[in-house]
Each structure stands twice: as C-alpha cells, then as structure tokens.
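Chemist: Residue numbers (my numbering): 15 to 172.
#1: Using DSSP's beta-bridge definition, name the partner residues of residue 148.
#2: Please state if the CB of residue 88 and the CB of residue 118 are separated by a distance shorter than 7 Å.
#3: Have a look at residue 81 and residue 95 and give me their C-alpha separation to the nearest angstrom.
#4: Mind reading off the beta-carbon distance from residue 16 to residue 83? Whole number of angstroms is fine, and I expect it under 8 Å.
#5: On the CB-based measure, 16 or more other CB atoms within 10 Å of its CB, does residue 177 come out buried or exposed?
#6: Just the C-alpha distance for residue 42 and residue 140, rounded to the nearest angstrom, thanks.
#7: Roughly how many whole angstroms lie between the Cα atoms of residue 73 and residue 122?
#8: From residue 50 to residue 76, what does the alpha carbon distance come to, in whole angstroms?
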C-alpha cells in the first residue's frame with residue numbers, strides 16, 4: 015500500500031532496459047499501472063515490478079499469453095490452470111491492483127466493479143509488506159525478495 019515513486023517515464027525506461035520490445039504491444043502499461051494503483055492506494059512501483067517478474071518483462075513465455083492481458087499470473091493456481099483472461103490491458107492491470115490490495119489490506123475497493131475473479135478467495139490483509147507475498151501470492155518463500163530485487167533495479171534507473 016502507499017504511493018510509488020517512479021514516474022511513467024522511469025517505468026518505461028526500466029522496462030525497455032530489460033526488454034527493448036516490451037512496450038510495443040502494451041505502450042500504455044506504465045501509465046495504467048500508475049493510474050490504477052493510485053485509484054486504490056497501492057504502490058505502483060511494487061505492482062509494476064511484480065508484473066515484470068511475472069511476465070519476464072512482458073516476454074511472457076509461461077502459461078499466461080500476452081492476449082490474456084493478465085500481467086500477474088492471476089488464476090494460474092495449479093499446473094493445469096491457464097490463468098484469467100481480461101478484455102483489455104486496463105482491465106488486466108485493474109485486476110492485478112485489486113488482487114494486491116486484497117492481500118495487503120482489508121480496505122474496500124474504491125473503483126467498483128471488482129474485476130479480479132479471485133478477489134474473494136484472498137485472505138484479506140495477510141501481506142501488508144511485499145516480503146509477505148511469499149507463500150501467499152506465490153508458494154515460493156523468496157517471492158517477496160524477488161520482487162524487491164526488481165524494485166532495487168528500478169530505483170537504480172533514476
């Protein structure tokens with residue numbers, strides 16, 4: 015929760031530094047992360063870096079495909095689950111932000127309707143820190159630390 019520090023330009027630079035083609039299919043993603051995170055009081059730096067981790071800087075390559083507009087692996091709960099699909103990038107980012115907020119807080123969603131199909135499955139407020147996402151969002155105990163590595167790299171860009 016809280017506000018991010020990176021500007022839209024800094025998020026773009028970070029992504030392009032790690033994947034030159036990252037913004038070709040999703041040019042508005044940095045702006046969408048800032049706007050949607052601000053709407054819900056979620057730190058956009060954390061959300062954007064988690065997106066970079068989950069999608070390998072928008073290379074995808076795992077179960078989730080770019081056309082799903084799913085930037086956080088939402089719904090990939092087991093080996094057979096393909097993950098959630100959203101109609102457009104804005105809705106996909108909104109779902110990601112809602113899911114992060116559900117883990118971080120017991121506060122209500124500000125921008126209804128809720129588009130995260132797994133929102134009601136989250137034990138609310140169990141991960142107030144990025145470090146708490148390990149074994150909650152992802153079964154890997156080091157998951158929060160992995161996101162923090164991305165955040166430190168982001169902050170090194172500026």
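Backbone N, C-alpha and C define an ideal beta-carbon position, used for all residues, glycine too.
Modeler: Judging by the given coordinates:
#1: 152
#2: no
#3: 16 Å
#4: With 8 Å as the limit, residue 16 and residue 83 do not qualify as a contact, their Cβ atoms being about 26 Å apart.
#5: Given a span of 15 to 172 for the chain in the structure shown, any question on residue 177 remains unanswerable.
#6: 31 Å
#7: 33 Å
#8: 25 Å
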